[in-house]
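This report concerns only the one structure given below.
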Amino acid sequence: MTDREKTPSGALGRLAELPRARLFHAPTHLEFMPNLTAACGGKRALYVKRDDLTDMAFGGNKVRQLEFYLGEAQAQGADTVLITGAVQSNFARLTAAGARKLGMESHIQWEERVAKQDPRYRNSGNVLIERILGATLHSYPLGEDETGADRRLGEIAEELRQAGRKPYVIPLAPGHAPLGALGYVVAARELLQQITAAELAVDGIVVASGSGATHAGLLFGLRALGSSIPVTGICVRRDAAAQGPRITQRCAEIAELLQIKNRVAVEDVVVTDAFLAPGYGRASEEVLDAIRLAARTEALMLDPVYSGKTMAGFVSTARQAEGEGALIFIHTGGTPGIFAYEDDLTA
Ligand SMILES: *Cc1c(COP(=O)(O)O)cnc(C)c1O
């Protein structure tokens, strides 16, 4: 072991050297949920890590991820940030917000990933906030087509360059350095400090697993800092067979980026797609029940696309017979989405 690895900061390699914009006040709260604990049988103490409260424009996990993307954008002297995503993408909303906070413009490309024609889906929630923030909106007519959507975004960036702007594209497809995941390496360190300070015996963390930046970053950070707390990723976009290898791959990429050893073992990568149906951006009855349960026990607001599915997984874990220790739910935000999904939530 080198001297560097022995120090707590050294355990995370190059993390402190990479450009980072500060977009929220850490730490986010780690809150006990007494009513939900009781509603789930009372055997295990249930906590929520309030990453829905990351300050900016209704918050969410992307604020942590954007600290590294927008940090790099600033370091490169960018004046415009580009991102592509689903129509109700929280990442797009928070990119528009972060760009404004740092004095930049944003361009957002909408992909037709969710077959939903409800006018609220296309105008309310995240879309409304993007319009208020004055983001430039583009539409990409196809659905699941990561490569095509990225190519089109690259063309928009090129047009901006020709017009004398300095664009920065947030690259989300596999094969790019997972800068956003670093936000969750930081979160892992923050959470471990909170767990230690509160003297909690935690034996499970449940988190949404979409692009995998949150899941992989958190898992990687915990293991790098010597914690063996199990992390369960709830699939919100792809099935477990596709998501598991993606997380493993992301962890290897984080190790490369930070230039440290990857301490995530293959068996550390746990994902379940039991709450994914009927698919990305659509919620099952079980998920809607979990949303109502969290609201009616703890006044927690969850969305049908991400945090609601994750809560369904959390509740199911909490109700299982085995295990004694505390469980932590990572609230990744997404709350503006409830206004776009009014039809599902009031059906
Ligand atoms: C994007 C998002 C997720 C998934 O996070 P990834 O890092 O892409 O896996 C979960 N919850 C919310 C609210 C999100 O916006």
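Mapping to full-length UniProt numbering: the sequence shown position 329 is 329, numbers consecutive.
No residue lacks a Cβ here, since even glycine has one placed at the ideal position from N, Cα and C.
In this text, all values refer to a predicted model and were calculated from it rather than measured experimentally.
Closest residue to residue i among the options (Cα-Cα distance)
i      : options                           : result
LEU179 : ILE234, GLY281 and THR214         : THR214
SER89  : PRO336, GLU256, ARG246 and ASP344 : PRO336
ASP51  : GLY333, PHE339, THR346 and TYR341 : GLY333
LEU15  : PHE329, GLU256 and VAL305         : GLU256
ALA240 : ALA277, LEU225, ALA224 and ARG263 : ALA277
TYR145 : GLY42, ASP203 and ALA86           : Per the sequence shown, the amino acid found at residue 145 is Asp instead of Tyr. Taking only the C-alpha atoms, the option nearest ASP145 is ALA86.
MET56  : LEU23, GLN74 and GLN243           : LEU23
GLY204 : GLN193, PRO230 and VAL186         : PRO230
TYR69  : SER228, GLN117, PRO27 and ARG20   : ARG20
PHE329 : ALA321, TYR341, SER316 and ILE254 : SER316
GLY323 : PHE32, GLY41 and ALA11            : GLY41
PHE220 : GLN194, ILE195, GLN193 and ALA252 : ALA252
ALA96  : LEU66, GLU111, TYR121 and GLU72   : LEU66
LYS101 : GLY217, GLU158, VAL264 and LEU133 : LEU133
PRO34  : ALA26, THR28, PRO27 and ARG44     : ARG44
LEU18  : ALA318, LEU153 and ALA73          : ALA73
GLU286 : VAL269, VAL305, ALA299 and GLU298 : VAL305
TYR91  : ALA216, TYR47 and VAL169          : The residue you asked about is not Tyr; residue 91 is Phe in the sequence shown. It is VAL169.
ALA216 : GLY98, ALA265, ALA99 and GLY71    : ALA265
PRO174 : GLY71, ILE254, GLN193 and ILE195  : ILE254
Residue burial classification, residue i (beta-carbon count within 10 angstroms, cutoff 16)
i           : result
SER106      : buried
LEU142      : exposed
GLN259      : exposed
LYS261      : exposed
ASP343      : exposed
GLN109      : buried
ALA188      : buried
ARG4        : Note on ARG4: pLDDT 43, under 50, position unreliable in the model; the coordinate value appears next. By the 10 Å Cβ count, ARG4 comes out exposed.
MET1        : In this predicted model, MET1 has a pLDDT of only 37, less than 50, meaning its place in the structure is not dependable enough to derive any value.
SER124      : buried
THR7        : Here THR7 scores only 45 on pLDDT, less than 50, and its place in the model should not be relied on; the value that follows carries that caveat. It is exposed - the Cβ of THR7 has fewer than 16 other Cβ atoms within 10 Å.
GLN243      : buried
ARG113      : buried
ARG292      : exposed
ARG246      : buried
ILE234      : buried
residue 348 : Nothing can be reported for residue 348, as the shown portion of the chain is limited to 1 through 347.
SER228      : exposed
ARG296      : exposed
ARG161      : exposed
ASP303      : buried
GLU190      : buried
residue 350 : For residue 350 there is no data in the structure shown, the boundaries of the chain being 1 and 347.
ALA197      : exposed
GLY183      : buried
GLU111      : buried
THR147      : exposed
Any non-hydrogen atom of ligand 3 closer than 7 Å to residue i Cβ
i      : result
HIS215 : Among the ligands present in this structure, namely ligand 1, ligand 3 is not found.
Cβ-Cβ distance between residue i and residue j below 8 Å
i           : j      : result
LEU82       : LYS62  : no
PHE314      : LEU327 : yes
VAL186      : ARG64  : yes
LEU345      : ALA11  : no
residue 357 : ILE129 : Only positions 1 to 347 of the chain appear in this structure, which leaves residue 357 out of reach.
ALA290      : ALA274 : no
VAL202      : GLY325 : yes
THR80       : ARG165 : yes
LEU172      : SER139 : no
LEU30       : LYS49  : yes
For the region 66-103, which segments carrying the beta strand (DSSP E) assignment without a break, of at least 3 residues, lie completely within its bounds, in sequence order?
-> List check, beta strand (DSSP E) in window: 80-86.
Output the residue ranges of the beta strand (DSSP E) runs that lie fully inside the region 141-169 and measure 3 residues or longer, sorted by chain position. Those beta strand (DSSP E) runs which fall completely within the region 141-169 and span 3+ residues are 167-169.
Kindly provide the ranges of any alpha helix (DSSP H) runs that are 4 or more residues long and lie completely inside the region 266-342, ordered along the chain.
Runs of the alpha helix (DSSP H) inside the region 266-342: 285-298, 307-319 and 337-340.
Note down, one range per segment and in chain order, each alpha helix (DSSP H) of at least 4 residues found wholly within the region 204-263.
-> Listed in chain order, they are 213-224 and 240-258.
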